[in-house]
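Peer 1:
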Amino acid sequence: MSSPIVDDAARDEILRRDILPLYFPGDASSPAPTFTLLAGQPGAGRGRVALGDGADADAAVVTGDDLRAFHPGFLDPRGAVSAEVAQAVAGWVAGCIRYAREHHRSMVLEGSFGNMPAAAGSAERFAGEGFTTRLVVVGSTRAESLLSLTSGYLQDVQGRRPAALTGRAAHDEAFDATRRLVGSVEESGWVDRVTVVARDGRTVFDGTRTESGFAGAQAALVAAQSARMGRFDATQWLSELHHVTDYATTLRAMPDGVAEMLVDLHETALRDVIPQLHIPAGGKFATAIEQKTVAALVALRPTLTPTAGPIDIAAPAVAPPGPERGGVSR
1 MSSPIVDDAA RDEILRRDIL PLYFPGDASS PAPTFTLLAG QPGAGRGRVA
51 LGDGADADAA VVTGDDLRAF HPGFLDPRGA VSAEVAQAVA GWVAGCIRYA
101 REHHRSMVLE GSFGNMPAAA GSAERFAGEG FTTRLVVVGS TRAESLLSLT
151 SGYLQDVQGR RPAALTGRAA HDEAFDATRR LVGSVEESGW VDRVTVVARD
201 GRTVFDGTRT ESGFAGAQAA LVAAQSARMG RFDATQWLSE LHHVTDYATT
251 LRAMPDGVAE MLVDLHETAL RDVIPQLHIP AGGKFATAIE QKTVAALVAL
301 RPTLTPTAGP IDIAAPAVAP PGPERGGVSR
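So the sequence shown is numbered by our numbering: it starts at 1 and just counts up by one.
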């Protein structure tokens, strides 16, 4: 079943009638409006810092993933990932940006911002209208965000909710895009303030624009994205991976793209995560974990099938956010 086609007039009506009144209630302009880009790869945990320290409490937090629910075809079997829904959402994100800028309403735009020039251009246009601009980037390791993304998707599948899986390639591109984004602003200074937040909520960089730019911001992000897990976090990560895998393998048909994610995660477990348990190599516990992970990996590899990547739903907000840790096992 394909999603119902919603023409331009109907999309504009949904924006005017449903979306703008919800995200921008009332009609009073912000006395000191702010525009914030909240960046991070899908699954990085962006939502937790949207209203963190230094944020504008009155700002509308807009993300393309949330706007999908306003499309009449969202609940159709393929509606969550259809081109029709993606096209409508792109227009609604643009409409929210335009409304916020023209009416001087504070806004947080959440995404991965793979189109760096578009992100910079949006910030500069808001600055030209008197907004204070800020970039907040969540630094999460690839292992953590990829597992959160996979776990959250399967949780939606289990709950029979509309689900869209951001594939491994799109996730990794978004991961790399965060570094390019911070590198660009460090060099060119196209926002007033840059903040880098680790996945656990710690601020690892926070600076305002000076003559020297934002020196050290990219290094702080790379360090956060490369941080080693503690023993407790590594144990929890492995437990979540095993629960997610157990659920996925019980499905009558594994959803497209899930096997690829799980294979990658098991390879990551063997290469990066198990060594962070800090347990004696060759011991019974280490051997049992490694054997279980290898056995799952061997079983998963034959299930791999080619899959296409997701459709970008907006510029500059390109990829949907991933859920927090706490998937089908929770």
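Virtual Cβ for every residue (Gly too), placed ideally from N, Cα, C.
Would you check if the distance between the CB atom of Ser184 and the CB atom of Ala120 is smaller than 8 Å?
Peer 2: Closer than 8 Å, so yes.
Peer 1: List the whole-angstrom C-beta distance separating Ile19 from Cys96, where the pair is believed to meet the contact cut-off of C-beta under 8 Å.
Peer 2: That pair is a contact at about 7 Å.
Peer 1: Going by Cα to Cα distance, which pick from Thr133, Ser145, Ala227, Ala143 is closest to Gly207?
Peer 2: Thr133
Peer 1: Sorted by chain position, which residues of the same chain lie with C-beta nearer than 6 Å to Met116's C-beta, five sequence neighbours on each side aside?
Peer 2: Arg180, Leu181, Ser184
Peer 1: Drop a sphere of 10 angstroms on the beta-carbon of Ser188, count the other beta-carbons inside from all chains shown, and report buried for 16 or more, exposed for fewer.
Peer 2: exposed
Peer 1: Near Asp186, which residues of its chain fall below 7 Å by C-beta distance, leaving aside the five closest residues on each side in sequence?
Peer 2: A small fix is needed here, since residue 186 is Glu in this sequence, not Asp. Hits under 7 Å: Gly213, Phe214, Ala215, Ala217, Gln218.
Peer 1: Am I right that Ala296 and Thr245 are in contact with their C-beta atoms under 8 Å? What's the rounded C-beta distance?
Peer 2: 5 Å
Peer 1: How should Ser122 be labelled, buried or exposed, when 16 other C-beta atoms within 10 angstroms of its C-beta is the threshold for buried?
Peer 2: buried
Peer 1: Could you please give me the residues that DSSP links to Leu135 through a beta bridge?
Peer 2: Leu37, Val194
Peer 1: Between the C-alpha atoms of Thr195 and Phe205, what's the straight-line distance to the nearest angstrom?
Peer 2: 5 Å
Peer 1: Specify, as a first and last residue, the run of the beta strand (DSSP E) that Thr63 falls within.
Peer 2: 60–63
Peer 1: Is Met261 helix, strand or coil when you go by DSSP?
Peer 2: helix
Peer 1: Between the C-alpha atoms of Val6 and Gly73, what's the straight-line distance to the nearest angstrom?
Peer 2: 9 Å
Peer 1: Given a cut-off of 8 Å, decide if Trp237 and Leu147 are closer than it, judged by their beta-carbon atoms.
Peer 2: In this structure, Trp237 lies closer than 8 Å to Leu147 by Cβ.
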